[in-house]
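Residue numbers for the sequence shown follow our numbering, so the first one is 1422 and each next one is one higher.
Even for Gly, the Cβ is constructed at its ideal location relative to N, Cα and C.
First up is the structure itself, then whatever we jot down about it.
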Amino acid sequence: MAEPINRRKRTDRTRRASPNTTTSTESQLVCANDDSSPAPPSPYPEQPLYQPEHWVTNFFAEQIAPWMCPVLQADNECKMHLLPLAMSSPLVFDAVAAAAYHRLAYYGNPKFAAKAEHYKASAIRGLITSARSVCTLSASSSDQLFAAATLLILMYDEMIAAQDTFVTLARIIGNMRKFVNFSSLGGSEKLQRYLTEQFGFLTIFSLPHTDDDTATEQCKEAFDFVEEFAESCARDKHNPPFLAECFRTILTVWHGQKHNPGLNVNLVMEDFKSEIESTTDISVFDHYLTWVYFMSSAASPNASLRNFFRDRLHKHTTTFGWKNVAMMHAFLGELEGAGVTWPERLQSHKKYICA
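Take a look at the structure:
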C-alpha cells in the first residue's frame, strides 16, 4: 500500500522522469478491435534476465507479495509464481524493483527513492508501449500475464497515486478485462482467479476516471462482476460472502449519488453499518476492508456515519499495519471540511481512487 510521506515530492519527480507517459503514447491505449491486424512484436522477449539487482525480487516475494496477494501467502508459493515472472520479463522486473525500492525508502533508506522512481517510470512506459499488442487476439499468453502482473504490482503498491498516471492505467485495466482471458494465462487456478477478481475490483475503483457514456457501461460490468464474485465466494469459500455485499453497497452508493438523486444514501449506509456490526468474522477480509471502510466513510452523507467508518478504518489498519492509512484519514478530513459540496468533490477528486 502507499506510503503517505513525501507524496507531493514523489509525484513531481515522476512527472519529470516520464513526461510522455500519458501524452504521446495515449493512442496506444485503445485496444484493437480488428482481429485481422497482426500484433506488434513484443518488446519483452521471454528470456532470463541477469540483473545485477536481482535480489530485489526476493525482497518483493518475501516482504511485499504475501499481503498484496493473499492466495500466495506461503513464501515458497510467492517465489514459485513471482520470481519466474520477474526474471523473465523486464516489464515485471521494473514494477517489482520499483515496489521494493519504494518500500526500502519508506523504511528509512531515502537513498532508494530515486531508484524507485526510475523503475516506476520505466514500468509505466513499458506498459503503455505493450498495451496495444497485449489486447489483440494474437498476443501471447506470457505477454498478457506480464502486463497483468505489472499493472497489479503498480496499483497495489499505490505508486500510481501520482495523478498523471492513474487515468492511463485505468484505461488499460478496462481494456484488458475485455480482451484478456485470465483463465488461459497459466499458473495455478488460485492465481487465475485472483487476477480475474483483482481486475474486477479495479474496474470499480477506476469508475471516477471514465466519461459518462463509458461509465454507464463500465458500471454495469462492475455490478455483474460483484454478482459473479458473490457466487464465487459462496461456492469456493475463498472469501467471506459478506465481502461481495460490501462492494455491492459501495458501488450502489457511488453510482446513486451521481445518477440517482432519489437514492436514500443515509438509509443504505445505516443498514450497511448494522450489517458490519453484526458480522463476527469481518477481520478475515484482510486488506480489502481498508478500501471498504475508507470508501464508506467518504461516501457517507452525515458525520455520525463518517465517524463510524473512519473509526473502523483506524482500528482495522492498526491491526494490519497498512501504510496508506494516514493519507486516507487526511483526505477524509478534507471531505469533512468541504461541507455541503463534498459529494461533487468526491466524484471528481482523484484522491478518492488513488488513496
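- Taking the Cα positions, Val1601 is about 43 Å away from Ser1725.
- Under the three-state reduction of DSSP, Val1686 is assigned to helix.
- Rounded to the nearest whole angstrom, the C-alpha separation of Thr1478 and Ser1563 is 19 Å.
- Shown here, Asn1596 sits in a helix according to DSSP, grouped into three states.
- For Cys1667, the three-state secondary structure derived from DSSP is helix.
- Residue burial annotation: Ala1520 is buried, with at least 16 other C-beta atoms found within 10 angstroms of its C-beta.
- Within the same chain, and ignoring the five residues on either side of Leu1506 in sequence, the residues whose Cβ sits closer than 6 Å to its Cβ are Val1513 and Ala1570.
- Excluding the 5 residues flanking it on each side, Leu1548 has same chain C-beta neighbours closer than 6 Å at Thr1571, in chain order.
- Ranked by Cα distance from Met1716, the options Arg1546, Leu1756, Tyr1522 and Gln1484 are led by Leu1756.
- When secondary structure is reduced to three states using DSSP, Val1601 falls in the coil class, being assigned neither helix nor strand.
- Annotation for Ala1482: no alpha helix (DSSP H) segment contains it, and DSSP assigns it neither H nor E.
- Take the alpha-carbon of Ala1643 and the one of Phe1622: they are about 8 Å apart.
- Between the alpha carbons of Leu1684 and Arg1524 lies a distance of about 42 Å.
- Comparing C-alpha distances from Lys1641 to each of Ala1486, Leu1672 and Gln1484 shows the shortest one belongs to Leu1672.
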